[in-house]
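Chemist: Quick one: this structure, given as structure tokens, is what I'll be asking you about.
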Amino acid sequence: MGGNRRRRLCQVCKSKGIRREAVVYMKEHRLALCKEHFTQWFEKRVSETVKEFQMFKKSEKILVAVSGGKDSQTLWYVLNKLGYNADGFFIHLGIGDYSDESMEKVKELGKKLGKEPFIVGLEEEVGAGIPLLQKLVGSTACSICGRLKRHHFNKVARRFGYKVVATGHNLDDESSSLLANLVNWNTKYLAKKYPVLPEENGFPRKVKPLVKLTEEQIKFYADLNGIPYTSRTCPMGDTANLHFYKEIMNTIENHSVGTKYRFYFFYLKKVFPLFNALKEELTEGTLRECKVCGEPSPSEVCFVCKLKMKLGNNSENAKS
Ligand SMILES: [Zn+2]
Ligand SMILES: [Zn+2]
Numbered sequence: 002m003g004g005n006r007r008r009r010l011c012q013v014c015k016s017k018g019i020r021r022e023a024v025v026y027m028k029e030h031r032l033a034l035c036k037e038h039f040t041q042w043f044e045k046r047v048s049e050t051v052k053e054f055q056m057f058k059k060s061e062k063i064l065v066a067v068s069g070g071k072d073s074q075t076l077w078y079v080l081n082k083l084g085y086n087a088d089g090f091f092i093h094l095g096i097g098d099y100s101d102e103s104m105e106k107v108k109e110l111g112k113k114l115g116k117e118p119f120i121v122g123l124e125e126e127v128g129a130g131i132p133l134l135q136k137l138v139g140s141t142a143c144s145i146c147g148r149l150k151r152h153h154f155n156k157v158a159r160r161f162g163y164k165v166v167a168t169g170h171n172l173d174d175e176s177s178s179l180l181a182n183l184v185n186w187n188t189k190y191l192a193k194k195y196p197v198l199p200e201e202n203g204f205p206r207k208v209k210p211l212v213k214l215t216e217e218q219i220k221f222y223a224d225l226n227g228i229p230y231t232s233r234t235c236p237m238g239d240t241a242n243l244h245f246y247k248e249i250m251n252t253i254e255n256h257s258v259g260t261k262y263r264f265y266f267f268y269l270k271k272v273f274p275l276f277n278a279l280k281e282e283l284t285e286g287t288l289r290e291c292k293v294c295g296e297p298s299p300s301e302v303c304f305v306c307k308l309k310m311k312l313g314n315n316s317e318n319a320k321s
């Protein structure tokens with residue numbers, strides 16, 4: 002994409018006998034498009050993905066996990082543009098400026114869409130933000146954050162009647178994490194790696210409508226359409242590993258155009274069913290209801306309730 006000095010004409014316009022300069026050339030699709038036709042192409046691709054994987058219907062309410070970054074913001078925007086009933090949900094992680102700026106971008110997009118986002122603050126809800134929680138728990142910030150996010154998405158989805166939770170994972174995320182998990186033979190993960198996971202054990206359906214679009218295409222769409230987002234990455238996240246595999250994927254893609262897409266979608270079609278058939282054996286036992294909050298948990302008391310107990314229930318007192 003981009004960076005192509007040769008001037009190209011939009012192929013869709015050209016087919017209608019109009020000469021209009023393209024703003025983008027997508028090598029992997031051999032497609033040059035103007036602003037209007039790129040936007041159309043992008044939206045059609047999302048719409049096709051939703052239908053192909055039977056992610057949701059127009060009649061269903063969708064909760065979009067928004068972080069303020071380009072992917073999730075674009076997802077929230079584009080689903081509404083396509084006529085879906087999608088609401089944003091943001092968790093303020095208590096990571097200083099980064100969380101504040103992200104929240105502002107979410108609110109800004111909410112205004113643009115005429116939709117008030119759900120916002121939960123970890124400091125109010127759990128009693129501390131990620132920096133303090135990390136010291137308390139001692140595991141990586143990303144693993145704590147992931148568990149807290151899942152817990153709150155499930156909770157809000159259930160409480161407000163959303164059967165579907167959508168996330169902004171793109172083709173780069175999915176192909177590079179597939180590669181990383183294959184290299185490490187992480188079968189537990191491979192058994193659940195699919196763009197739509199059905200509702201079960203009290204969890205809402207999980208969908209990833211942007212899996213056919215690359216990071217570059219999403220950023221381009223967001224910029225063309227004036228979608229507000231933050232370019233900052235989480236200062237606590239250990240993303241070195243993730244970037245490493247993304248770079249390898251890009252190296253392979255540059256060597257042989259279209260591999261990124263083939264690698265991931267061939268997996269979904271031919272290999273995933275094999276792993277998924279062994280899901281029961283590969284993934285950890287069944288979930289039960291947390292004794293305290295009722296959310297699904299592998300142990301008697303869930304991770305979040307344990308955290309709250311450790312923090313001395315300060316948040317409970319503050320609320321009443
Ligand atoms: Zn055009
Ligand atoms: Zn609990």
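In the numbering used here, the protein residues as written are 2 to 321. Each residue gets a CB set at the ideal place from its N, CA and C atoms; glycine is no exception.
#1: Could you say which of Asp173, Lys150, Asn226 lies nearest to Ile120 if we only look at CA atoms?
#2: Where does Arg8 land, buried or exposed, given buried means 16+ other C-beta within 10 angstroms?
#3: Helix or strand or just coil, what does DSSP make of Tyr85?
#4: Which residue wins for smallest C-alpha separation from Glu105, given the options Phe304, Cys35, Tyr230?
#5: Is DSSP giving Tyr26 helix, strand or coil here?
#6: Should Pro132 and Phe90 be called a contact, given that it needs their Cβ atoms to be closer than 8 Å?
#7: Please classify Trp77: is it buried, with 16 or more other beta-carbons within 10 angstroms of its beta-carbon, or exposed?
#8: State yes or no: is the C-beta of Ser178 within less than 8 Å of the C-beta of Phe264?
#9: With Val272 as the anchor, note down where its alpha helix (DSSP H) starts and where it stops.
#10: I want to check one thing, is the minimum distance from the CB of Leu34 to the heavy atoms of ligand 1 below 7 Å?
#11: Indicate whether at least one CB of chain B lies closer than 8 Å to the CB of Phe154.
#12: Ile96: which of Gly122, Ala87, Ser16, Lys58 sits nearest, CA to CA?
#13: Thinking C-alpha only, which one of Tyr195, His170, Val65 is nearest Gln55?
#14: Is any heavy atom in ligand 4 found nearer than 7 Å to the beta carbon of Ser298?
#15: Going by C-alpha to C-alpha distance, which of Gly128, Gly69, Val47 sits closest to Asp101?
#16: So, using beta-carbon positions, are Tyr222 and Ala181 closer together than 8 Å?
#17: Give the secondary structure of Arg160 by DSSP, where H, G and I count as helix, E and B as strand, and everything else as coil.
#18: Looking at the secondary structure, which residues open and close the alpha helix (DSSP H) in which Leu191 lies?
#19: In this structure, how does DSSP classify Arg46 when only helix, strand and coil are distinguished?
#20: Can you give the Cα-Cα distance for Val25 and Lys36, rounded to whole angstroms?
#21: I'd like the ranges of any beta strand (DSSP E) spanning at least 3 consecutive residues and lying wholly in the region 198-258.
#22: State the CB to CB distance for the pair Glu61 and Lys164, rounded to an integer number of angstroms; the pair is presumed to be in contact (CB under 8 Å).
Modeler: Walking through what the data contain:
#1: Lys150
#2: exposed
#3: coil
#4: Tyr230
#5: strand
#6: no
#7: buried
#8: no
#9: Looking at the DSSP string, Val272 is not in any alpha helix (DSSP H), and its letter there is neither H nor E.
#10: yes
#11: Given the protein chain composition of this structure (a single chain), no chain B is represented.
#12: Gly122
#13: Tyr195
#14: Although ligand 4 was asked about, the structure shown includes only ligand 1 and ligand 2 as ligands.
#15: Gly69
#16: no
#17: helix
#18: 188-191
#19: helix
#20: 8 Å
#21: 206-208
#22: 6 Å
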